[in-house]
Ligand code: PLV
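In this note's numbering, the protein residues as written are 684 to 1005.
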């Protein structure tokens, strides 16, 4: 049996992005993971630890955590049930079924689907696989920073790490990896879209808050409440967490620019992180003195995502054109 389910992903230099921000920009290509996103790192690890003897796993997801759980379960020979909200596009339901999972569509947003997953785990004796709030997930995700550090070489630190925040699992894993690599003086730019901004709302309120609704099209960032550990990290300065928002239009524009320039199609959840570069946010943070003006190389976590194809891209363009 294999040691783990994820692969060591490439760290690529983006010429276009580097030109735009005036420092080298490295892309950590998590889109090329089996199951289409970074989620396989944490979920693969969690399932290995918790689901080896399981009669089945159940995962609540906007899509990508479910893809990772379905993939892992299939490899482990365990049945998988994935609960998604009605906001998840049909194309991801199809992809989950293609992975061999049973898919249930419950509620409007992820939080509704999660309540059902917890209920089913209890009633049917299934192993509950959370999409972002578990130490085993963070430990699994942290391996991506170990890989980046090995690639950059000993003693080389980036100027900042850019990533997207949904429920905060990616943030927790990346921060854990950064602490292990000794990068506590490297800021993290934590990106969300307006309307899926549970971390930003918590940072503004000074406490964990629950959003009324998810109004962004970046459905895979659509958890109403950020996990406690992610909020706690946001209150610390080692590393500093810079929480910022972009609009859906900016995230979509980033998805399209990335497709044109890097020839890679990612979903809106990933577009939020890419938009930090394309929308000029990095330059603004430099002007505000929140990032250094002579910035060391940037690392962008290209988290990926399966909820996208050409048809969905056209649909998002129609919806967001106003
Ligand atoms: N998506 C979760 C949570 O959704 C899911 O169930 O798939 N980028 C991509 C492509 C993602 O799919 C996600 C999370 C994130 C970024 C953010 O990661 P997180 O939730 O660990 O902050 C509601």
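For every residue, glycine included, the Cβ atom is placed at its ideal position computed from N, Cα and C.
These numbers were taken from a predicted model, which means no experiment stands behind them.
Environment of residue i [buried if 16+ CB atoms lie within 10 Å]
i           : result
residue 970 : exposed
residue 684 : Residue placement at residue 684 is flagged as unreliable, the pLDDT there being 47, under the threshold of 50; the coordinate-derived value follows with that caveat. So residue 684 ends up on the exposed side.
residue 988 : buried
residue 887 : exposed
residue 865 : exposed
residue 931 : buried
residue 940 : buried
residue 943 : exposed
residue 818 : exposed
residue 893 : exposed
residue 772 : buried
residue 786 : buried
Beta-bridge partners of residue i, as assigned by DSSP
i           : result
residue 712 : 985
residue 874 : 847, 927
residue 740 : 763, 810
residue 786 : 765
residue 825 : According to DSSP, which records beta bridges pairwise, residue 825 is partnered with nothing at all.
residue 696 : 709
residue 701 : Its beta-bridge partners do not exist; DSSP assigns none.
residue 639 : In this structure the chain extends from 684 to 1005, so residue 639 is not present and cannot be described.
residue 720 : 987
Residue-level contact to chain D via CB, residue i, 8 Å cutoff
i           : result
residue 904 : Here there is only one protein chain, and chain D is not present.
Contacting residues, own chain, Cβ-Cβ under 6 Å from residue i (five flanking each side not counted)
i           : result
residue 880 : 928
residue 710 : 695, 697, 983, 985
residue 820 : 725, 729, 852
residue 834 : 694
residue 800 : 741, 743, 766
Residues near residue i in its chain [Cβ-Cβ closer than 8 Å; skip 5 each side]
i           : result
residue 882 : 848, 851, 854, 873, 875, 909, 913, 914, 917, 926
residue 822 : 725, 728, 856, 859
residue 824 : 721, 724, 725, 852, 853, 855, 856, 857, 859, 860
Cβ-Cβ separation, residue j to residue i (assumed contact under 8 Å), whole Å
i            : j           : result
residue 1016 : residue 759 : This structure does not reach residue 1016, given that the chain is present from 684 up to 1005, and the question cannot be answered.
residue 722  : residue 792 : Contact flag wrong, Cβ pair sits at about 18 Å.
residue 782  : residue 754 : 6 Å
residue 719  : residue 747 : 7 Å
residue 774  : residue 995 : 6 Å
Same chain only: Cβ atoms within 7 Å of residue i, ignoring 5 sequence neighbours per side
i           : result
residue 831 : 694, 711, 982
residue 840 : 866, 869, 979
### Message
Within 8 Å, do at least three Cβ pairs link the stretch 883 to 903 to the stretch 951 to 964?
### Response
yes
### Task
Pair every Cβ in the stretch 730 to 740 with every Cβ in the stretch 801 to 818, then say whether three or more of these pairs are closer than 8 Å.
yes
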